[in-house]
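**Student:** For the sequence shown, the UniProt record's numbering gives the first residue as 1, with consecutive numbering after it.
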Amino acid sequence: MGKAVRFSRYGGPDVLDVVEVDEPVPGRGEVVVAVETAAINPGEIGIREGVFADLWPAQFPEGQGNDYAGVIHAVGAEVNGFRPGDQVMGFAPRAAQAEFVRTKPERLARKPPELDWAPAAVIPGVGATAYAEVEALDLSQTETLVVSAGAGGVGSIAVQLARRRGATVLATGSRNSFDFLTSLGAVPVEYGDGLADRIRAATSKPVTAYLDHIGRGNVAAALTLGVAPSRINTLADGAAVTRHGVRAVGQAEADFPSVWEYLARLAATGEIAFPINAVYALEDVRVAYTRLAERHTHGKIVLAVGKMVRPTAP
Ligand SMILES: NC(=O)c1ccc[n+]([C@@H]2O[C@H](COP(=O)([O-])OP(=O)(O)OC[C@H]3O[C@@H](n4cnc5c(N)ncnc54)[C@H](OP(=O)(O)O)[C@@H]3O)[C@@H](O)[C@H]2O)c1
1 MGKAVRFSRY GGPDVLDVVE VDEPVPGRGE VVVAVETAAI NPGEIGIREG VFADLWPAQF
61 PEGQGNDYAG VIHAVGAEVN GFRPGDQVMG FAPRAAQAEF VRTKPERLAR KPPELDWAPA
121 AVIPGVGATA YAEVEALDLS QTETLVVSAG AGGVGSIAVQ LARRRGATVL ATGSRNSFDF
181 LTSLGAVPVE YGDGLADRIR AATSKPVTAY LDHIGRGNVA AALTLGVAPS RINTLADGAA
241 VTRHGVRAVG QAEADFPSVW EYLARLAATG EIAFPINAVY ALEDVRVAYT RLAERHTHGK
301 IVLAVGKMVR PTAP
């Protein structure tokens with residue numbers, strides 16, 4: 001048996017339970033991973049609350065979580081390239097918050113041994129997402145980019161990837177996030193009414209690109225600043241995509257183990273950081289999502305599933 005997060009009706013965090021399920025057995029061409037760490041993401045809140053029930057209905061009892069890191073536990077027939085004990089990162093839709101994940105080797109990348117378990121878990125999720133949106137903009141050194149919610153899970157990585165391309169980066173956050181945003185290499189700008197004016201005041205250069213992670217008027221601010229719709233990407237404002245023809249490039253466009261391995265190498269060598277805000281025990285999954293739903297996280301919240309990772313959150 002192994003523990004897994006399940007929910008059997010739509011609702012708030014209190015519908016989440018950690019239950020015992022049968023340990024999976026790998027079929028032909030499959031492996032089973034013993035999970036060490038699993039990420040939690042805002043999109044999972046919408047799925048669990050039933051907001052996306054028409055698009056992506058749950059099949060109760062439903063599992064939860066996508067991106068994770070762990071150790072190969074068992075290998076099925078006709079699997080080459082992975083052996084028990086190998087450290088890996090993966091993306092297993094609605095299945096990652098569990099002690100064991102059954103998956104195809106093609107959905108795994110190797111985790112560098114020197115990379116900690118918590119950042120490894122978030123690379124296939126927010127890492128790939130930030131990589132996809134920054135690559136989509138193909139930023140040059142002469143450009144000035146605004147990143148909304150720059151202190152959050154996706155934003156904190158997007159800021160660093162854009163800085164690696166040499167772009168000037170402004171990032172929005174509350175005053176509580178200013179030191180963190182500065183440490184990532186961004187010029188902090190406070191969000192809220194009058195945002196476009198504050199962005200103009202914060203830079204002498206024209207803003208040429210905009211990555212939105214929170215909605216709430218950011219696409220309007222980008223258009224007010226004169227950014228072309230093709231240089232605006234939003235992960236949080238579907239209406240703006242329809243209305244203004246802005247882009248919505250996300251995780252699916254970089255859902256490749258080669259991308260995860262690239263980002264893991266950058267993290268392992270210290271070229272970018274995957275900031276971890278807190279590590280909660282799997283049993284505290286309800287508390288972890290309650291905290292995430294406040295939407296004031298710096299970096300990521302991660303669940304400790306295996307025995308190699310100690311929770312840091314109370
Ligand atoms: N399509 C995809 O492939 C994909 C993949 C991943 C995520 N997403 C989506 O991307 C979005 C961002 O996800 P995330 O994980 O980065 O979120 P997150 O970590 O929860 O974002 C938290 C951050 O948002 C900031 N924030 C809160 N209110 C704000 C406001 N009004 N203006 C600007 N910033 C504000 C907070 O800064 P302060 O603490 O300073 O307030 C905090 O640092 C979500 O909508 C998520 O569902 C999409």
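Backbone N, C-alpha and C define an ideal beta-carbon position, used for all residues, glycine too. In this text, all values refer to a predicted model and were calculated from it rather than measured experimentally.
Does DSSP put P206 in a helix, a strand or coil?
**Tutor:** Within the sequence shown, residue 206 is the residue found at index 206, counting from 1. Residue state, collapsed to three classes: coil.
**Student:** Round the Cβ separation of G250 and A132 to the nearest angstrom and send it over; I've been treating them as touching at under 8 angstroms.
**Tutor:** If you number the sequence shown from 1, residue 250 lands on position 250. If you number the sequence shown from 1, residue 132 lands on position 132. So it is a contact: roughly 6 angstroms between Cβ atoms.
**Student:** Within its chain, find whatever has a CB closer than 8 angstroms to the CB of F60; leave out the 5 residues flanking it on each side and keep chain order.
**Tutor:** If you number the sequence shown from 1, residue 60 lands on position 60. Once the five neighbours on either side are set aside, the close Cβ partners of F60 are F7, S8, R9.
**Student:** Which partner residues does M89 have in the DSSP bridge list?
**Tutor:** By one-based count along the sequence shown, residue 89 stands at place 89. According to DSSP, which records beta bridges pairwise, M89 is partnered with A69, A109.
**Student:** Would you mind working out which of S177, G226, A118, N233 sits nearest Y280, comparing C-alpha positions?
**Tutor:** As a working note, residue 280 is residue 280 in the sequence shown. Among S177, G226, A118, N233, the Cα nearest to that of Y280 belongs to A118.
**Student:** Check whether the Cβ of P119 lies closer than 7 angstroms to any heavy atom of ligand 1, and answer yes or no.
**Tutor:** For this step, residue 119 is matched to residue 119 along the sequence shown. No, the beta carbon of P119 sits no closer than 7 angstroms to any heavy atom of ligand 1.
**Student:** For the structure I just gave you, are there three or more beta carbon pairs, one from the stretch 16-35 and one from the stretch 277-294, closer than 8 angstroms?
**Tutor:** As far as the Cβ criterion goes, the stretch 16-35 touches the stretch 277-294, which means the pair count is three or higher.
**Student:** Considering only DSSP beta bridges, list what G46 is partnered with.
**Tutor:** By 1-based counting over the sequence shown, the position of residue 46 is 46. BP columns for G46 are empty, so no partner.
**Student:** Which parts of the stretch 108-168 are runs of the beta strand (DSSP E), unbroken and 3 residues or longer, counting only runs that do not cross its ends?
**Tutor:** Fully enclosed beta strand (DSSP E) runs of 3 or longer: 108-110, 144-147.
**Student:** Return the CA-CA distance between I199 and S177, expressed in angstroms with no decimal places.
**Tutor:** What you label residue 199 is simply residue 199 of the sequence shown in a count that begins at 1. What you label residue 177 is simply residue 177 of the sequence shown in a count that begins at 1. So the alpha carbons of these two residues sit roughly 16 angstroms apart.
**Student:** Is DSSP giving A304 helix, strand or coil here?
**Tutor:** The residue given as residue 304 occupies position 304 in the sequence shown. In this structure, A304 counts as strand in the three-state DSSP scheme.
**Student:** Hey, could you find the ends of the beta strand (DSSP E) D17 is sitting in?
**Tutor:** Start at 1 with the first residue of the sequence shown, and residue 17 comes out as number 17. Where D17 is concerned, the enclosing beta strand (DSSP E) stretches over 17-21.
**Student:** I want to know whether the stretch 157-169 touches the stretch 89-104 - three or more CB-CB distances under 8 angstroms.
**Tutor:** Segments in contact, no.
**Student:** Ligand 1 and T297: does any heavy atom of the ligand fall closer than 7 angstroms to the residue's C-beta?
**Tutor:** Residue 297 sits at position 297 when you count from the first residue of the sequence shown. Yes, the Cβ of T297 comes within 7 angstroms of a heavy atom of ligand 1.
**Student:** Span of the alpha helix (DSSP H) holding F178?
**Tutor:** Here residue 178 refers to the residue found at position 178 when the sequence shown is read from its first residue. Unbroken alpha helix (DSSP H) run through F178: 178-184.
**Student:** Quick check on the DSSP output: the alpha helix (DSSP H) that includes Y280 runs from which residue to which?
**Tutor:** Along the sequence shown, read from residue 1 onward, the residue named residue 280 stands at position 280. From DSSP, Y280 is part of no alpha helix (DSSP H) but of the beta strand (DSSP E) over 276-281.
**Student:** Cβ of H244 within 7 angstroms of any heavy atom in ligand 1?
**Tutor:** Sequence index remark: in the sequence shown, residue 244 carries index 244 (1-based). Every heavy atom of ligand 1 is 7 angstroms or more from the Cβ of H244, so no.
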